[in-house]
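Some notes on the structure that comes next.
2 protein chains.
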Amino acid sequence: MAHRRSDVLAHAVALLDTHGLSALTMRRLGSELGVQPSAIYHHFASKQELLAAVADEILARGARPRTAVAWPDRLREVCTELRLAMLACTDGADVVATVWAFGLGAAGPVSELEKVLADAGAPADLAAVASRTLLHYVFGHAFEEQTARQAVSLGAVDRPLESLPDFDLGLDLVVDGLRARLA
Amino acid sequence: MAHRRSDVLAHAVALLDTHGLSALTMRRLGSELGVQPSAIYHHFASKQELLAAVADEILARGARPRTAVAWPDRLREVCTELRLAMLACTDGADVVATVWAFGLGAAGPVSELEKVLADAGAPADLAAVASRTLLHYVFGHAFEEQTARQAVSLGAVDRPLESLPDFDLGLDLVVDGLRARLA
DNA sequence: ACCTGAACACCGTTCAAGT
DNA sequence: ACCTGAACACCGTTCAAGT
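So the sequence lines, in the order shown, correspond to chains A and B.
For the first sequence, UniProt numbering gives the first residue as 1, with consecutive numbering after it.
For the second sequence, UniProt numbering gives the first residue as 1, with consecutive numbering after it.
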């Protein structure tokens, strides 16, 4: 019955996938692994640490090859990968954004955005601001989209999905602001 | 010992102000009012409904007069008011952003942003995208700033506040993207 | 209108002890 | 290295009943 850290993590991600964040409790995770809740603490020091590992796994799972060469397309590629990775998992946006906000992980996308901007000739402070602005946009948009999607699927609300503003349109708004500064 | 809904709400806000979101529980709120937790449910159907009222109160408390006439300055005014209102209260950004994301309230700022953009001649879809992009930026920035501030004040982290990107700089990025489309 | 008392069904976390 | 068993200190919510 011995589990490794990776077994516990895999089951945590599966639990999130199938039943959402509210089902991802230490007690439920333990019982589904046939183990006491306290046994999880042998592998993860806290639920926060577990969630950080889950967030990193969500991002790793959503990795896609990079093809674009121009910086605006590179930015779009990173943002789109991040968005799709979060949307691919129940409550994925909530988990990744929370883990990022508390500085516990999920730092990959922002450092990649910063690198793309630095390579495009942006000074460090502009790269820092712009990468975080893009990240906040992707988080906010994905969180809203996911919340609306789930509200509809639960029959709680009949607001149609089409009323949500388009993802790429908002992205272009920020990219255009950047273009003016990097020209 | 009879309390009105407004008494309960006022104490909930005070509790948030002084001890943060983790202290805002139905049980603690009840005990500080000298009442059973179940008594709160006479005034609010659920904790979510209470939180929505708290978020609206945070925004109402932070209201400031509008002075700008040009639309870019109007946008900045609304975003700055929203930001300061959230920062003025412990975990204010978390509460307001969560309530907004779940469609339970805090809709004032976004509809005001949409109105400013419509008056500036933006088509409805651009106004919708841009207002949400701005909102996501303000939420994300404020949440990060507040989280970092609290981490520092708790001595948990020594990352200095100055390393945070400037609020107005990110705002200008989006405004410039808009300027190109409204010229 | 406003509240009590008691229950229901949960949480995260700690820790001595076991194998 | 991995886990048990039991406890500690909590949660939100419901509901019949009281004033």
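All C-beta atoms, glycine included, are put in the ideal place defined by N, C-alpha and C.
Taking C-beta separations shorter than 6 Å and ignoring five residues to either side along the sequence, the partners of A52 of chain B in its chain run V99, L104, G105, following chain order. Using a Cβ-Cβ distance cut-off of 8 Å, the stretch 2 to 18 of chain B and the stretch 31 to 51 of chain B are in contact, since at least three pairs of beta carbons, one from each stretch, lie closer than that value. Considering only A:A120, A:A151, A:A55, the residue with the shortest C-alpha distance to A97 of chain A is A:A55. For F139 of chain B, the enclosing alpha helix (DSSP H) starts and ends at 124 to 153.
With fewer than 16 other CB atoms across the displayed protein chains lying within 10 angstroms of its CB, T18 of chain A is exposed. Counting only the Cα atoms, P65 of chain B lies some 11 Å from R74 of chain B.
G20 of chain A and D91 of chain A do touch by the CB rule: their CB atoms are close to 5 Å apart, below 8 Å.
Proximity of D168 of chain B to chain A, defined by a Cβ-Cβ separation below 7 Å, is not satisfied. With a threshold of 16 other beta carbon atoms within 10 Å, H136 of chain A meets it and is buried. For L15 of chain B, no Cβ of chain A is located within less than 7 Å of the residue's own Cβ.
Judged by their CB atoms, P72 of chain B and V175 of chain B are nearer to each other than the 7 Å cut-off. Below the 9 Å Cβ cutoff, chain B contributes A97, A101, R132, T133, L135, H136, Y137, F139, G140 as neighbours of G140 of chain A, in chain order. Taking all protein chains shown into account, P123 of chain B has fewer than 16 neighbouring C-beta atoms within 10 Å of its C-beta and is therefore exposed. The beta-carbon distance between L59 of chain A and A88 of chain A, rounded to whole angstroms, is 10 Å. This is too long to meet the 8 Å contact definition. Using a 10 angstroms sphere on the CB of D94 of chain B, the tally of other CB atoms reaches 16 or more, which defines it as buried. Chain-order list of chain A residues neighbouring A45 of chain B: empty, with the shortest C-beta distance near 14 Å, by a criterion of under 7 Å.
Take L134 of chain A, set aside five residues on each side of it, and the residues of its chain with a beta-carbon closer than 7 Å to its own are L75, C79, L113, V174, in chain order.
In the DSSP assignment, P72 of chain A falls within the alpha helix (DSSP H) that extends over 71 to 87. Under the three-state reduction of DSSP output, G108 of chain B falls in the helix class.
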